[in-house]
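Trainee:
In UniProt numbering, the protein residues as written are 1 to 673.
#1: What is the DSSP secondary structure of residue 624, reduced to helix, strand or coil?
#2: Within a Cβ cutoff of 8 Å, which residues of the same chain sit near residue 136, ignoring the five residues on either side of it in sequence?
#3: What does DSSP give as the partner residue(s) for residue 110 in the beta ladder?
#4: Output the residue ranges of the beta strand (DSSP E) runs that lie fully inside the stretch 206-294 and measure 3 residues or longer, sorted by chain position.
#5: Is the distance from the Cβ of residue 197 to the Cβ of residue 220 below 8 Å?
#6: Compute the beta-carbon to beta-carbon distance between residue 527 and residue 331, rounded to the nearest angstrom, for a pair I have assumed lies under 8 Å.
#7: With burial defined as no fewer than 16 other Cβ atoms inside 10 Å of the residue's Cβ, what is the status of residue 615: buried or exposed?
#8: For residue 280, which residues of its own chain have a beta-carbon under 7 Å away from its beta-carbon, when the five flanking residues on both sides are left out?
#9: CB residue 567 to CB residue 346, shorter than 8 Å?
#10: According to DSSP, is residue 615 helix, strand or coil?
#11: For a quick check, are the C-beta atoms of residue 257 and residue 215 less than 8 Å apart?
#12: May I ask you to check if the CB of residue 399 is nearer than 7 Å to at least one heavy atom of the ligand GTP?
#13: With burial defined as no fewer than 16 other Cβ atoms inside 10 Å of the residue's Cβ, what is the status of residue 70: buried or exposed?
#14: Can you tell me where the beta strand (DSSP E) holding residue 555 begins and where it ends?
#15: Which same chain residues, not among the five before or five after residue 443, have their C-beta less than 7 Å away from its C-beta?
#16: Find the nearest neighbour of residue 639 within the set 386, 183, 441 and 666, judged by alpha-carbon distance.
#17: How many Å lie between residue 231 and residue 239 at the Cα?
#18: Which stretch, first to last residue, makes up the beta strand (DSSP E) that contains residue 181?
#19: Which same chain residues, not among the five before or five after residue 42, have their C-beta less than 8 Å away from its C-beta?
#20: For the stretch 378-437, list the alpha helix (DSSP H) runs that are entirely contained and at least 4 residues long, ordered along the chain.
#21: Around the C-beta of residue 104, are 16 or more other C-beta atoms found within 10 angstroms, so that it is buried, or is it exposed?
#22: Quickly, what does DSSP pair residue 569 with across the bridge? List them, please.
#23: Is residue 58 helix, strand or coil by DSSP?
#24: So the candidates are 193, 409 and 288; which of them puts its Cα closest to the Cα of residue 425?
#25: What's the gap between the Cα of residue 481 and the Cα of residue 434?
#26: Looking only at its own chain, which residues have a Cβ that is under 8 Å from the Cβ of residue 211, when we skip the five neighbours before and after it?
#27: Here's a check: name, in chain order, each residue in its chain whose Cβ is nearer than 7 Å to the Cβ of residue 461, leaving out the five neighbours to either side.
#28: What first and last residue would you give for the beta strand (DSSP E) that runs through residue 302?
#29: Considering just the uninterrupted stretch of the beta strand (DSSP E) at residue 641, what are its terminal residues?
#30: Can you tell which of 233, 152 and 44 has the C-alpha that lies nearest to the C-alpha of residue 325?
#31: Any Cβ of chain B within less than 8 Å of the Cβ of residue 45?
#32: Rounded to the nearest angstrom, what separates residue 12 and residue 354 at their Cα positions?
#33: I'd like the span of the beta strand (DSSP E) that includes residue 370, first residue to last.
#34: Could you check which residue in 535, 125, 470 and 68 has the C-alpha nearest to that of residue 38?
#35: Any idea which residues DSSP pairs residue 444 with across the strands?
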């Protein structure tokens, strides 16, 4: 009789994290090696890059040409959809043509609902990917009250359906990815475990146990979600459960599914993937962008490259008592100081230390607009909350929605304790804390690093209800060092709000947003942080106009990180699949069209899915869905329920807007000149 009791997921005393080798020392998780054609996967090898074709699998020439472009962009595995037997059969033609042209990159067949297609593909390609939520399982959006007996009977039915594929993979030396998706958990899993990371893990482990019973071990595992917070928790829990059950340490495929496009897609991917790479988890990466697949590989490689020499970082004191539950989000407890901490959303601090604030128009870059007529300020959804001007105060009164932070010595000369607040070093704060008249009576910012930590500082913070800590580091292993400082605060029961500050050069390309999203977002998904601050102190010599453009970019990235970490929803979110051979419309064009009409709807999540496979399941986190079901035919969803079927594509965006209006969630966009 199988035991269906909910497993313990409490970290053990001898391993405070229980999902990674160390919380403070970079160390890649040790895994078994999985042979995949000529490119083995596992911890003895570099972290691999992969992507997925978007051309119809029946288009042999188009698939081959796109695959070659992907390989030349850096992909080490190529995934191709095989939704039915005919596509699975055509994989052989694609593979033969690639081999004839001299390309031996392993191919991966992507399978969802069709075991017979998987069994055929496993004889042709080097790896098959199955989704346990819909491979031989059932997804009808039904709530069923399973008894232990009926649950076990369903598992036995799945075993009978799944065993033939396992045996074919063993015979042909084919690898397999068991890839759970948050949005496509079966009714059986949902009924017992709910729509949770635990359900995701159990879904994969059920199939994994069948593989191990068959003595088949060429397995890669993934736990993908469009919600980075859920994705991170699920991977961590998976690693913990593998170890707790004595299962083999299988390699991990990392990805945030349906991340979207452009900056938002890159930020969301980095929050999820980067957070796990920081802890040494992950053996292959796929960044899912609503863009051409050859554009995904460089983003994945940029995330991976950050860890090639990470083990050489400056040492960080070990954590003996870890007070954070890594498997379930809980925001660190903090008391309220001004509008920081407590139940307030995390705040954004814009850095203008190198930009003289002399004109109203200069604040447009951070979301604050001055309208000469009628002599009023307006703020958009990306309006920064605080402005750091360093040693150069703004030359005019800032709008009510924006407060100013100044270096302490400069603040002393302003005589304005209501709208301007000082930033002190740790040493200056400890020297002055016995003189209340020397500090702002309501809010003081204290910048500190891990090396500044002392019992004297802990005592001072415990007695002061007006301090917001600003924590920063120069350690390459930044997230871990900052997390170590947060652990000090939690273990000392200190509840002062904390702003996390990171400095980056104005790098061109993706690096800035990827690195910032990893370092700041990785803390936020663990509930750490009451504000974010991207500093500009590493900017090169730029003109004022160039610095304003940089400030605008930093501000946008800061808000994007908060949104991706699900801690502050400030703009419309698009959960769009990265396209594949199943897609029934041009995803990039359609996403751009929907974004143009709806990007003013703060906090609403819209799923844009190219086919029913990536439909109601994969957009589980969305409020509304736009799903292709046939040529020029769209179904519209409210949550996971279809409400309008077979809408012609020419009218589908209008119908989507009408649906949002019916729910009272529509507002007309406002023009700001």
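Ideal Cβ placement from N, Cα and C applies to all residues, glycine included.
Mentor: The relevant details are as follows:
#1: Of the three classes helix, strand and coil, the one that applies to residue 624 here is strand, per DSSP.
#2: Excluding positions up to five away in sequence, the list reads 115, 157, 158, 161 and 162.
#3: Looking at the DSSP assignment, residue 110 forms a beta bridge with 81 and 129.
#4: Listed in chain order, they are 219-224.
#5: In this structure, residue 197 keeps its C-beta atom at 8 Å or more from the C-beta atom of residue 220.
#6: The C-beta distance from residue 527 to residue 331 rounds to 4 Å, short enough to fall under 8 Å.
#7: Unreliable positioning characterises residue 615 in this predicted model, as indicated by a pLDDT of 48, which lies under 50. A coordinate reading is not provided.
#8: Excluding residues within five positions, the ones whose Cβ falls inside 7 Å are 20, 21, 26, 27, 28 and 29.
#9: In this structure, residue 567 lies near residue 346, with their beta-carbon atoms less than 8 Å apart.
#10: For residue 615, the predicted structure reports a pLDDT of 48, less than 50, and the residue's modelled location is therefore unreliable. The matter cannot be settled from this model.
#11: Their beta carbons are not under 8 Å apart, which means residue 257 does not touch residue 215 by this criterion.
#12: This structure lacks the ligand GTP, and indeed carries no ligand of any kind.
#13: Classification of residue 70: buried, given that the 10 Å Cβ count is 16 or more.
#14: Judged by DSSP secondary structure, residue 555 falls outside any beta strand (DSSP E) and instead within the alpha helix (DSSP H) spanning 544-564.
#15: Closer than 7 Å at the Cβ level, and outside the excluded window around residue 443, lie 337, 338, 421, 466 and 468.
#16: When each option's Cα is compared against that of residue 639, the closest is 183.
#17: The straight-line gap from Cα to Cα measures roughly 13 Å.
#18: Run containing residue 181: 175-181, per the beta strand (DSSP E) assignment.
#19: Once the five neighbours on either side are set aside, the close Cβ partners of residue 42 are 31, 32, 33, 34, 251 and 283.
#20: Unbroken alpha helix (DSSP H) stretches of 4 residues or longer found wholly inside the stretch 378-437: 408-411 and 426-432, given in chain order.
#21: Looking at its Cβ environment, which holds fewer than 16 other Cβ atoms inside 10 Å, residue 104 is exposed.
#22: Under DSSP, no beta-bridge partner is assigned to residue 569.
#23: Of the three classes helix, strand and coil, the one that applies to residue 58 here is coil, per DSSP.
#24: Closest by alpha carbon: 409.
#25: Rounded to whole angstroms, residue 481 to residue 434 spans 30 Å at the Cα level.
#26: Hits under 8 Å: 166, 176, 178, 217 and 219.
#27: Closer than 7 Å at the Cβ level, and outside the excluded window around residue 461, lie 467, 494 and 496.
#28: First-last for residue 302: 296-305, but that is the alpha helix (DSSP H), not the beta strand (DSSP E).
#29: Unbroken beta strand (DSSP E) run through residue 641: 641-648.
#30: Per the Cα distances, 233.
#31: Looking for chain B here will not work: only one protein chain is present.
#32: Because the pLDDT of residue 12 is 48, which lies under 50, any placement of that residue in the model is unreliable, and the question is left without a value.
#33: Taken as a continuous stretch (DSSP letters only), the beta strand (DSSP E) holding residue 370 covers 368-371.
#34: For residue 38, the nearest C-alpha among the options comes from 125.
#35: Residue 444 pairs with 467.
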